[in-house]
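J.: Protein sequences appear in the order of chains A and B. Letter 296 of the first sequence, counting from 1, is numbered 283 in our numbering, and no numbers are missing. To get our numbering, take the position in the second sequence, counting from 1, and add 407.
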Amino acid sequence: MRRLLLILSIIALAPISLRAQDDIPKDWAQRGIKISEVSVYGQRPMKDIGTQQTKFDTLALKENIALSMADVLTFNSAIFVKNYGRATLSTVSFRGTSPSHTQVTWNGMKINNPMLGMTDFSMIPSFFIDDASLLHGTSSVNETGGGLGGAVKLSTLPAQAQGFGLQYIQGIGSFKTFDEFLRLTYGNNHWQASTRVVYSSSPNDYKFRNHDKKINIYDEDMNIVDQYYPIERNRSGSYKDLHILQEVYYNTGRGDRFGLNAWYINSNRELAMLTVDHGDDTDFDNRQREHTFRGLLSWDHLRESWKLSAKAGYIYTWMAYDYKRDVGNGIMAHMTRSRSRINTLYGQVDGEYYVGRKWLFTANLSLHQHIVVSEDKNIIRQDGGKAIVGYRKGRPELSGSVSAKWKPTERIGVSMVLREEMFGREWTPIIPALFVDAELSRKGNIVAKASISRNYRFPSLNDLYFLPGGNPDLKSESGWTYDAGLSFAVGKEGVYSLTGSASWFESFIKDWIIWLPTPKGFFSPENIKDVHAYGVELKGDLNVAMGKEWKLGLNGTFSWTPSINVGEPRTPADQSVGKQLPYVPLLSSTVTGRLTWRSWAFLYKWCYYSERYTMSSNDYTLTGKLPPYFMSNISLEKSFSFNWADLSIKGAINNLFNEEYLSVLSRPMPGINFEIFISISPKW
Amino acid sequence: MTTRYVRMMVFALTLLCASCMKWEYGLEEDFDMSASGEGLFICNEGNFQYGNATLSYYDPETKTVQNEVFYRSNAMKLGDVAQSMVIRNGIGWVVVNNSHVVFAIDINTFKEVGRITNLTSPRYIHFISDEKAYITQIWDNRIFVVNPKRYEITGYIEIPGMTMESGSTEQMVQYGKYLYVNCWSYQNRIIKIDTETDSVVDELVVGIQPTSLVMDCNNKLWTVTDGGYEGSPYGHEAPSLYRIDAETFTIEKQFKFDFGDWPSEVQLNGTKDKLYWLNDDVWEMDVTADRVPVRPFLPYNGTIYYGLTVCPRTGDVYIADAIDYVQQGMVYRYSKDKELIDSFYVGIIPGAFCWK
Chain A
-12 MRRLLLILSI
-2 IALAPISLRA
8 QDDIPKDWAQ
18 RGIKISEVSV
28 YGQRPMKDIG
38 TQQTKFDTLA
48 LKENIALSMA
58 DVLTFNSAIF
68 VKNYGRATLS
78 TVSFRGTSPS
88 HTQVTWNGMK
98 INNPMLGMTD
108 FSMIPSFFID
118 DASLLHGTSS
128 VNETGGGLGG
138 AVKLSTLPAQ
148 AQGFGLQYIQ
158 GIGSFKTFDE
168 FLRLTYGNNH
178 WQASTRVVYS
188 SSPNDYKFRN
198 HDKKINIYDE
208 DMNIVDQYYP
218 IERNRSGSYK
228 DLHILQEVYY
238 NTGRGDRFGL
248 NAWYINSNRE
258 LAMLTVDHGD
268 DTDFDNRQRE
278 HTFRGLLSWD
288 HLRESWKLSA
298 KAGYIYTWMA
308 YDYKRDVGNG
318 IMAHMTRSRS
328 RINTLYGQVD
338 GEYYVGRKWL
348 FTANLSLHQH
358 IVVSEDKNII
368 RQDGGKAIVG
378 YRKGRPELSG
388 SVSAKWKPTE
398 RIGVSMVLRE
408 EMFGREWTPI
418 IPALFVDAEL
428 SRKGNIVAKA
438 SISRNYRFPS
448 LNDLYFLPGG
458 NPDLKSESGW
468 TYDAGLSFAV
478 GKEGVYSLTG
488 SASWFESFIK
498 DWIIWLPTPK
508 GFFSPENIKD
518 VHAYGVELKG
528 DLNVAMGKEW
538 KLGLNGTFSW
548 TPSINVGEPR
558 TPADQSVGKQ
568 LPYVPLLSST
578 VTGRLTWRSW
588 AFLYKWCYYS
598 ERYTMSSNDY
608 TLTGKLPPYF
618 MSNISLEKSF
628 SFNWADLSIK
638 GAINNLFNEE
648 YLSVLSRPMP
658 GINFEIFISI
668 SPKW
Chain B
408 MTTRYVRMMV
418 FALTLLCASC
428 MKWEYGLEED
438 FDMSASGEGL
448 FICNEGNFQY
458 GNATLSYYDP
468 ETKTVQNEVF
478 YRSNAMKLGD
488 VAQSMVIRNG
498 IGWVVVNNSH
508 VVFAIDINTF
518 KEVGRITNLT
528 SPRYIHFISD
538 EKAYITQIWD
548 NRIFVVNPKR
558 YEITGYIEIP
568 GMTMESGSTE
578 QMVQYGKYLY
588 VNCWSYQNRI
598 IKIDTETDSV
608 VDELVVGIQP
618 TSLVMDCNNK
628 LWTVTDGGYE
638 GSPYGHEAPS
648 LYRIDAETFT
658 IEKQFKFDFG
668 DWPSEVQLNG
678 TKDKLYWLND
688 DVWEMDVTAD
698 RVPVRPFLPY
708 NGTIYYGLTV
718 CPRTGDVYIA
728 DAIDYVQQGM
738 VYRYSKDKEL
748 IDSFYVGIIP
758 GAFCWK
């Protein structure tokens, strides 16, 4: 019995203890690809009963320091990343839903912007994330509410260092891009400390052929004598992003761990001009700046049959948007000057209790208290005084859940989760979620999974209060979703492993919130759409040892996601009913291939998005669609190990075939580009 | 064994790379609309920041519509937020707000003949002469003076009482040498400009946010305010329709709407003796009337109309429905006897019309 409890406890504390092998992969080329004993797949953790998850390994997260989480998700998952340009807003949506239907947590703390409801994944360097997983659809209810599409769970972990460690990586790339990464670690049996710094900068002035406009050549009488599509540079797209992450963990060795995480972001990004902009970039300055601090204190208390953890956190975000133009003599006058400040206090307690080998009970309660000040515009009042258009609001967001997980036999698991949320003074009805899984065959580790849940998402603070346009009468979006699937895992220790899964999902979302223009010249949100999203997600992973020194890893995803407007027509002329939602690709796919030989490693990444409509009516007009695109990136890495240090040098080529492509209308994307990374880790 | 795996890998990679995105350049299409006497241009704003504004052309005689005519004729996009259009001497001037440009096009072939660039945030263009025009702006406290022949910015008219950030000048109407301009966003004024000196010489305070401006057959200016919005630090009031004497530049009559109404798009018929506007329904009123009619010209039809125009020759009323603002909008054409004559799909958010 003791042994069983120990195993269960280890599973429950997996985030604490199972990461020794996943330290920074500074030498993954040397280590090659780990081919695990396949039988471990059969031990399904009780916490994961019936869940549809995609986990990212360290190889994907730490592939190179220039990558944001948006890049990692683009090439390693089937969810849709809407990318407004290089180092520009990147949003993530699951299963045909919108970015605000994706909930994002960092070490348990929700980091969706409470004003906008969504998260900019281009602001999350993948080197700051040690453990990432996607919780598809229903599975997000285990973590948080509001994830009508799903949730992205991001975590950091103790470095598992012994003594002092240092790693420095310098990246130099096209468009005068410089990426620097430094990590200092210290650890012993009780203490683990880590400091990570990333600084990325670039004028980001990549060249592209502008299909959207022509340059005129005039004669003396101002008649057009010729026109041509210009080769332009990405105008006003520079960025400077600094991230600092400090972590300290203390492990008593008797089942208690204390942690401190502090993440500071200082970002200064220009907003690149559209392809259809005929302004002179030297006359305009369109810039977004952000300072964000996220701090977290945590305590995990582990006993043989139960676990308790508590967290307290604080988030401060200051965002500035300035749009200026030169009014002569180099004086840049503000056309728009927006400021917002968000203070968020956070607290959470979690408990887990095992009863025998068949039952696990969990409970969770979290509180986020947001205090927001939004200043959007400076105006002169009718009496001549000055005023600011904006709002100040506070909102507590309480979320609590209880769950019971039951394994009547080794092969069958059932999990029931009940969640309830309160935003401001509004309560959701009970959010129920039911998960079941069953091992159909030990041979091949074939597991069937199914889950069903109801979910709600409250409007964001901008949805409710933004001036002008906020709509305090908005209803919560709500949805039913279910999914079912099969997974398998086969292999032979040290020879090969093959895993795969296929799942079907279906969601019905009511009262979808969309911002629409008004005759008064501003936008305002309304609950207008009912959406039926459904489809298939496939995943596969193959690792093969081809002889003594060759190892091959292949990972692929595919998704088919019809996301159909099933609401009532807004007017008799409405052609959007029964049509795919704009900007949601019907098909998407990714493939990643890793080939290692001795201390060499070759990586090939590929992704595909099918054609996306830009209109709700799916009109096939000249501006009504974005062409499908394939994207291929490669990298080659060589590692060296000396007595005094480990070194590696890596060359990466992005957009290998120099595709001209768009993720969003009028937002140019870079063609082929290169970056070299040099990494050094001294041995003390 | 190893070689076979490498071969397989190479084969797989080749398959992956086999297909690449196909992004075709547009093809220039030839149009000749010189045969059609009357014609209606529709400026479809498109979605802000997405650069999908388009221009449509409708022939009322044959009841045929051609969409995306600028793109199809020029093999390039019109831009981001097509705000307005005017025609002068066979040239159409299309103001594209967030592209910082005004395109000049041949109104029969839709081919570009030139462009004025680097404007701040242009809204409307008005011609003073063949060699001088004014372009109003939002987020700029200046009206740009341009030479349309040379496509050049030649000067600016600074508007008093505005900063860049709160700057907003809109539609222009000329009476003699004076030009009247309504100032809309967080403004409450009609300003008067001397077109000989390019300077503001007077202003008239009306209600909050006058949205449009026209001048009737009796030289009376008409503007309608939207009244602001709830929570606005500039104020929120019941909107009004104003009749202003252009000669004396004084308010003659104020027609008050209910608090919360959203009137907009004041238009005139061809003889300039009937006034039309939107306020959920479509309204019509004689310019000499003393009160707003009790019943609308066309009742509310379950959608918020976004644009309105009246055919100067036939008096037919055209109403634009943006539907959900992310699909092709619909234009309804009614006779002056309120009969539906035609309806046709145009581009995203049809907001402004221009008669050939």
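Just so you know, even glycine gets a beta-carbon here, dropped at the ideal spot from N, CA and C.
Would residue 16 of chain A be called buried (16 or more neighbouring beta carbons within 10 Å of its own) or exposed?
T.: Unreliable positioning characterises residue 16 of chain A in this predicted model, as indicated by a pLDDT of 45, which lies under 50. A coordinate reading is not provided.
J.: Would you mind reading off the limits of the beta strand (DSSP E) that contains residue 464 of chain B?
T.: Note, residue 464 of chain B: beta strand (DSSP E), 461 to 466.
J.: Using the three-state DSSP reduction, which class does residue 259 of chain A fall into: helix, strand or coil?
T.: The answer is coil: DSSP assigns residue 259 of chain A none of H, G, I, E or B.
J.: Sorted by chain position, which residues of the same chain lie with C-beta nearer than 7 Å to residue 756 of chain B's C-beta, five sequence neighbours on each side aside?
T.: For residue 756 of chain B, where only same-chain residues beyond five positions count, the Cβ hits under 7 Å are 451, 452, 453, 713, 729, 732, 736.
J.: Taking Cβ-Cβ distances below 9 Å as the criterion, which residues of the region 614 to 630 of chain B are in contact with chain A?
T.: Taking 9 Å as the Cβ-Cβ cut-off against chain A, the residues of the region 614 to 630 of chain B that qualify are 615, 616, 618.
J.: Rounded C-beta distance between residue 125 of chain A and residue 470 of chain A? I'm assuming under 8 Å.
T.: About 6 Å; that satisfies the 8 Å criterion.
J.: Rounded to whole angstroms, what's the CA-CA distance from residue 745 of chain B to residue 553 of chain A? Just pull it up for me.
T.: For residue 745 of chain B and residue 553 of chain A, the distance between alpha carbons rounds to 33 Å.
J.: Could you round the C-beta distance between residue 540 of chain A and residue 581 of chain A to whole angstroms and report it? I think they count as a contact, below 8 Å.
T.: Indeed, because the Cβ distance is near 4 Å, the residues count as touching under 8 Å.
J.: Use the C-beta contact count for residue 204 of chain A: other C-beta atoms within 10 angstroms, 16 or more gives buried, fewer gives exposed.
T.: So residue 204 of chain A counts as exposed.
J.: Taking all protein chains shown into account, do 16 or more other C-beta atoms lie within 10 angstroms of the C-beta of residue 451 of chain A, making it buried, or fewer, making it exposed?
T.: It counts as buried.
J.: So, does the CB of residue 484 of chain B fall closer than 8 Å to a CB anywhere in chain A?
T.: So, interface residue.
J.: Span of the alpha helix (DSSP H) holding residue 693 of chain B?
T.: Unbroken run through residue 693 of chain B is the beta strand (DSSP E), 688 to 693; no alpha helix (DSSP H).
J.: Can the beta-carbon of residue 327 of chain A be found closer than 8 Å to that of residue 360 of chain A?
T.: The answer is yes: Cβ separation under 8 Å.
J.: Pick out whichever of B:529, B:667, B:726, B:555 has its Cα sitting closest to the Cα of residue 691 of chain B.
T.: Nearest of B:529, B:667, B:726, B:555 to residue 691 of chain B, Cα basis: B:726.
J.: Kindly indicate which three-state DSSP category residue -10 of chain A falls into: helix, strand or coil?
T.: The pLDDT assigned to residue -10 of chain A is 41, lower than 50, so where the model puts this residue is not dependable; a value taken from the coordinates is nonetheless given after this. Residue -10 of chain A falls in the helix class under three-state DSSP.
J.: Note down, in chain order, every chain A residue with its Cβ under 8 Å from the Cβ of residue 639 of chain B.
T.: Going along chain A in sequence order, the residues near residue 639 of chain B (Cβ under 8 Å) are 376, 454, 455.
J.: Roughly how many angstroms separate the alpha carbons of residue 651 of chain A and residue 458 of chain B, rounded to a whole number?
T.: Whole-angstrom Cα-Cα distance: 10 Å.
J.: Here's a check: name, in chain order, each residue in its chain whose Cβ is nearer than 7 Å to the Cβ of residue 748 of chain B, leaving out the five neighbours to either side.
T.: The answer, listed in chain order, is 723, 740, 741, 742.
J.: Check residue 565 of chain A in the structure and name its three-state DSSP category.
T.: DSSP places residue 565 of chain A in coil when its eight states are reduced to three.
J.: Starting from residue 452 of chain A and walking both ways along the alpha helix (DSSP H), at which residues does that stretch end?
T.: Residues 448 to 452.
J.: Checking contacts by CB at 8 Å: is residue 755 of chain B closer than that to chain A?
T.: It does; some Cβ of chain A falls within 8 Å.
J.: Kindly confirm or deny that the region 555 to 570 of chain B and the region 578 to 585 of chain B touch, where touching means at least three C-beta pairs closer than 8 Å.
T.: Short answer: they don't touch.
J.: Going by C-alpha distance, which of A:216, A:299, A:50 is nearest residue 248 of chain A?
T.: Measuring from the Cα of residue 248 of chain A, the nearest candidate turns out to be A:299.
J.: Give the C-beta separation of residue 114 of chain A and residue 185 of chain A to the nearest angstrom, bearing in mind that I take them to be a contact with Cβ-Cβ under 8 Å.
T.: Right, their Cβ atoms sit about 6 Å apart.
J.: Residue 407 of chain A: which of A:353, A:617, A:154 sits nearest, CA to CA?
T.: When only C-alpha atoms are compared, the closest one is A:353.
J.: Grab the span of the beta strand (DSSP E) containing residue 478 of chain B for me, first residue to last.
T.: Unbroken run through residue 478 of chain B is the alpha helix (DSSP H), 476 to 481; no beta strand (DSSP E).
J.: Determine, using beta carbons only, whether residue 504 of chain B and residue 493 of chain B come nearer to each other than 8 Å.
T.: Not a contact, by the Cβ cut-off of 8 Å.
J.: Count the other C-beta atoms from every protein chain shown that fall within 10 angstroms of the C-beta of residue 24 of chain A, then say buried if there are 16 or more, exposed otherwise.
T.: Confidence at residue 24 of chain A is low in this model, with a pLDDT of 45, below 50, so its placement is unreliable and no value can be given for it.
J.: Which residues in the same chain have their Cβ closer than 8 Å to the Cβ of residue 516 of chain B, if we skip the five residues on either side of it in sequence?
T.: Cβ neighbours of residue 516 of chain B beyond the five flanking positions: 437, 438, 439, 440, 480.
J.: Report yes or no: is there a C-beta of chain B within less than 8 Å of the C-beta of residue 230 of chain A?
T.: With 8 Å as the cut-off, residue 230 of chain A does not count as an interface residue toward chain B.
J.: For residue 110 of chain A, does the three-state DSSP call read helix, strand or coil?
T.: Here residue 110 of chain A sits in helix by DSSP.
J.: By the 8 Å beta-carbon criterion, what residues does the region 514 to 525 of chain B contribute toward chain A?
T.: Under the 8 Å Cβ criterion, the region 514 to 525 of chain B contributes 519, 520, 521, 522, 524, 525.
J.: Taking only beta carbons into account, state which residues of the region 242 to 272 of chain A come closer than 7 Å to chain B, listed in chain order.
T.: Going along the region 242 to 272 of chain A in chain order, one finds 261, 262, 263, 264, 265, 266, 267, 270 with a Cβ nearer than 7 Å to chain B.
J.: Cβ closer than 7 Å: which chain B residues qualify as neighbours of residue 275 of chain A?
T.: What residue 275 of chain A touches in chain B: nothing, since even the nearest Cβ is about 14 Å away.
J.: Would you say residue 601 of chain A lies against chain B (beta-carbon separation less than 8 Å)?
T.: Yes, residue 601 of chain A lies at the interface with chain B (some Cβ there is under 8 Å from its Cβ).
J.: If contact means a Cβ-Cβ distance below 8 Å, which residues of the region 552 to 570 of chain B contact chain A?
T.: Flagged, chain order: 556, 557, 558, 568, 569, 570.
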